[in-house]
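Protein chains in written order, with our numbering: chain A, 189 to 614; chain B, 189 to 614.
All C-beta atoms, glycine included, are put in the ideal place defined by N, C-alpha and C.
Report on the structure given below.
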């Protein structure tokens with residue numbers, strides 16, 4: 189029976205029953221962390237060969253003969269460009285290989301635009317007064333933290349099952365010159381798990397923003413992170429944008445943080461050749477170059493893009509059962525009661541749970557007190573403010589399956605309790 | 189006989205003789221690069237063990253049990269802090285471990301101050317109108333490129349044998365609130381090779397700038413780069429500054445770029461605990477953390493600071509003969525003729541040659557046409573403009589000794605030719 193169909197007495201009885209389960213659970217004294225999208229140790233173990241890919245016996249020269257131990261090469265060694273341009277689906281001349289963090293590349297791109305402007309002729313964002321940014325949400329808290337840090341006003345954009353509300357985005361960017369950017373995780377979105385439809389990608393590519401320095405931050409973090417062969421496909425936004433002369437409007441980001449090592453991977457940025465040339469000019473005052481040995485290590489470990497895809501299949505075999513565990517728990521325990529809704533993602537790192545309105549904080553609190561830390565309720569919205577207090581991000585990868593089973597059980601108990609309390613007006 | 193004591197006929201004869209030597213040299217068709225302070229291959233070879241310091245059999249946890257393969261730890265693993273705080277002579281709580289480039293940390297520190305201000309209460313530099321910067325010169329071209337890139341007006345400060353002209357610096361910072369910083373390479377300075385005297389360090393530490401957000405960028409790039417046991421010593425500026433409550437005025441930078449690998453080392457920033465706390469807060473929106481495996485690799489390779497110092501002794505045994513080669517050539521060929529002057533450094537990466545006024549560009553041109561590329565004349569001054577056209581930076585480390593011998597020979601021939609031309613009014 190669905191919770192909303194219960195009489196008050198039935199609800200009270202239900203709540204009492206669930207409370208007992210909750211207290212029993214709490215007594216176990218668990219201490220589990222499901223707060224961040226972190227790889228588990230067994231995932232990291234699959235990449236240990238990376239550490240042997242170069243050693244003291246290796247030739248440390250790249251394919252052009254450049255000694256990767258020394259200074260030089262601002263934008264990455266050519267074999268790394270060849271490999272990673274396939275990962276983010278851009279040309280070899282449309283990529284820069286950075287350090288270990290794509291988040292840092294995004295921050296840095298905003299910082300450069302803020303200080304120097306989006307190109308030689310543009311007024312720096314920092315000299316233009318109040319700035320605004322479009323934030324499809326629920327979204328990625330670290331994206332929102334960057335724009336908040338820069339003092340940029342964030343505007344919530346609803347996320348649908350095929351991507352952000354494009355009617356709203358088209359209207360806003362056409363009207364308001366102070367809107368300078370939009371955050372997107374277009375594939376297996378963080379946290380909703382959906383992939384933008386071809387139509388949504390085409391509408392992004394064809395945007396006619398009032399601000400000539402409006403930019404799309406296309407964080408393709410999960411482009412190769414399929415959970416099985418039944419995968420999503422994402423249209424190539426840079427190629428689409430070229431059809432409208434909009435290619436300079438797009439910055440694409442990716443990394444191997446969840447392919448090799450989260451703490452020691454390689455991050456990349458894709459963009460039009462014009463944007464790449466401009467960023468290289470700015471990078472030239474910033475650094476002599478990023479870690480080329482780590483680039484070489486990655487190329488020699490994966491060998492080619494097929495090797496990287498094989499690594500992702502290995503990882504999927506470890507991750508997919510964890511998604512199953514959580515989804516089965518939700519399906520079994522919550523679906524029959526009509527509590528909340530969720531998308532079953534085909535890749536990525538998260539399950540996004542929409543609780544009944546006004547219940548997310550309470551569920552997170554109950555989980556916390558029961559021994560499981562979730563991503564804070566509200567974190568998936570700009571300023572940490574979920575207007576409906578409904579969204580929770582579940583990150584299934586980090587705990588071992590047996591712990592995840594317990595955590596999912598506690599999550600469902602907490603959701604039931606919070607939903608019952610809500611209906612009872614407590 | 190000194191060139192300036194020659195009659196015109198003697199000079200003409202001298203010039204003809206040197207011209208023949210020059211043409212004979214040119215005919216050899218050399219192609220040598222002495223433009224940048226790059227380590228030679230044999231130096232890099234001494235650090236190859238770094239690549240075996242962690243491998244697929246290693247435990248990748250740091251001393252606190254954190255898995256360095258995963259996300260986490262914003263400011264560096266604790267054993268890296270322990271090691272590198274000794275290198276740059278700060279406390280364990282006064283250091284941040286960054287990526288592979290200290291130049292990037294300097295750029296980023298300026299960018300943060302420009303966007304967010306030097307602390308929570310400060311007006312961002314970027315909101316303060318025209319900014320100025322003090323540039324002791326000859327100095328490091330990449331420093332000047334950063335401040336030029338930010339549109340900051342650079343003011344030349346003469347370099348003396350004990351450091352920059354402190355009378356001028358004290359006067360300027362006391363008067364002008366738009367002066368926000370000063371570049372310093374306090375030990376084995378780039379390019380002059382001198383080390384700041386205790387008095388100069390004390391005067392820096394005691395500065396009373398009109399701008400409360402004036403900052404000293406103390407690029408201690410060569411702090412462990414002694415050429416022999418007969419080394420310089422640098423007073424600890426952070427400790428000195430604490431005596432005046434000026435500790436927040438100092439940022440210290442260093443790296444292992446010329447200790448391990450120039451392309452894949454570890455960079456660090458030292459500062460007061462208050463500054464470190466503030467930067468960590470800003471870094472928290474920028475990245476999840478830098479490459480911890482590379483930090484671990486360095487700590488395990490060097491083991492401790494004594495191990496790092498031992499590595500520097502090995503490197504000195506390779507580099508010192510190269511400095512000797514160049515200095516001997518200058519001493520033998522130019523000193524008797526009274527052409528130019530230079531300092532004999534006890535460490536670092538450069539020999540700074542002061543040609544007769546108006547001769548530097550000509551010498552660089554002659555060297556270039558003769559087959560040896562030097563750092564461009566003027567590069568050691570802001571905007572690439574050496575007001576006296578006299579300074580040339582010689583980087584002896586990169587070529588093998590036999591090539592260096594040839595390069596030094598060509599340099600001396602070119603200097604003789606340019607000096608003779610100058611005296612003849614050509």
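Query: Opening and closing residue of the beta strand (DSSP E) in which residue 238 of chain A lies; Result: Element bounds for residue 238 of chain A: n/a, residue is neither H nor E.
Query: Residue 347 of chain A beta carbon less than 8 Å from that of residue 325 of chain A; Result: yes
Query: The alpha helix (DSSP H) enclosing residue 275 of chain A, as first and last residue numbers; Result: 266-276
Query: Beta carbon proximity, residue 474 of chain A to chain B, threshold 8 Å; Result: yes
Query: Interface flag, residue 314 of chain A vs chain B, CB-CB below 8 Å; Result: yes
Query: Spatially closest choice to residue 330 of chain B from B:594, B:566, B:557 and B:612, by CA coordinates; Result: B:566
Query: Residue 421 of chain A versus residue 406 of chain A - alpha carbon distance; Result: 15 Å
Query: Rounded straight-line distance, which links the Cα of residue 409 of chain B to that of residue 481 of chain A; Result: 21 Å
Query: Residue 390 of chain A versus residue 425 of chain A: straight-line alpha-carbon distance, rounded; Result: 7 Å
Query: Sequence-distant residues of the same chain with beta carbon closer than 8 Å to residue 142 of chain A, five excluded per side; Result: The structure shown does not extend to residue 142 of chain A, since chain A spans only 189 to 614, so no value can be given for it.
Query: Interface partners of residue 416 of chain A on chain E, CB under 9 Å; Result: Although the question refers to chain E, the structure presented lacks it and instead comprises the protein chains A and B.
Query: Whole-angstrom distance between residue 362 of chain B and residue 356 of chain B, CA atom to CA atom; Result: 10 Å
Query: Outcome for residue 585 of chain A when other beta-carbon atoms lying within 10 angstroms are tallied against a minimum of 16; Result: buried
Query: Which listed residue (B:490, B:582 and B:450) has its alpha carbon closest to that of residue 144 of chain B; Result: Not covered by the structure: residue 144 of chain B. The range shown for chain B is 189 to 614.
Query: Beta-bridge partners of residue 221 of chain B, as assigned by DSSP; Result: B:561
Query: 8 Å Cβ cutoff, residue 338 of chain A in contact with chain B; Result: yes
Query: Residues of the region 448-474 of chain A with Cβ closer than 8 Å to any Cβ of chain B, in chain order; Result: 449, 450, 451, 452, 470, 472, 473 and 474
Query: Residue-chain proximity (residue 537 of chain A, chain B), Cβ-Cβ < 8 Å; Result: no
Query: Status (buried if at least 16 other CB within 10 Å, exposed otherwise) for residue 378 of chain A; Result: buried
Query: Complete runs of the beta strand (DSSP E) confined to the region 296-340 of chain A [at least 3 residues]; Result: 320-325
Query: Per-residue DSSP class, three states only, for residue 473 of chain B; Result: coil
Query: CB contact below 8 Å: residue 259 of chain B versus chain A; Result: yes
Query: Under the three-state DSSP convention, the category residue 572 of chain B falls into; Result: helix
Query: Proximity below 8 Å, CB of residue 413 of chain A to CB of residue 500 of chain A; Result: yes
Query: Exposed unless 16 or more other CB atoms sit within 10 angstroms - verdict on residue 203 of chain B; Result: buried
Query: Cβ shell of residue 281 of chain B (< 6 Å), same chain only, five flanking positions each side left out; Result: 461
Query: Check whether residue 384 of chain B and residue 418 of chain B have beta carbons under 8 Å apart; Result: no
Query: Proximity of residue 327 of chain B and residue 502 of chain B at Cβ, strictly below 8 Å; Result: no
Query: Local conformation of residue 539 of chain A per DSSP, three classes; Result: strand
Query: 8 Å Cβ cutoff, residue 239 of chain B in contact with chain A; Result: yes
Query: Best match in B:198, B:436 and B:304 for proximity to residue 464 of chain B [C-alpha to C-alpha]; Result: B:436
Query: According to DSSP, residues forming a beta bridge with residue 582 of chain A; Result: A:539
Query: Buried/exposed call for residue 289 of chain A, threshold 16 Cβ in 10 Å; Result: buried
Query: Residue 249 of chain A - partner residues in DSSP beta bridges; Result: A:255
Query: Helix, strand or coil at residue 486 of chain B according to DSSP, with G and I counted as helix; Result: helix
Query: Partners in chain A for residue 373 of chain B, counting only beta-carbon separations shorter than 8 Å; Result: Under the 8 Å cutoff, chain A gives no residues; its nearest Cβ is about 16 Å from residue 373 of chain B.
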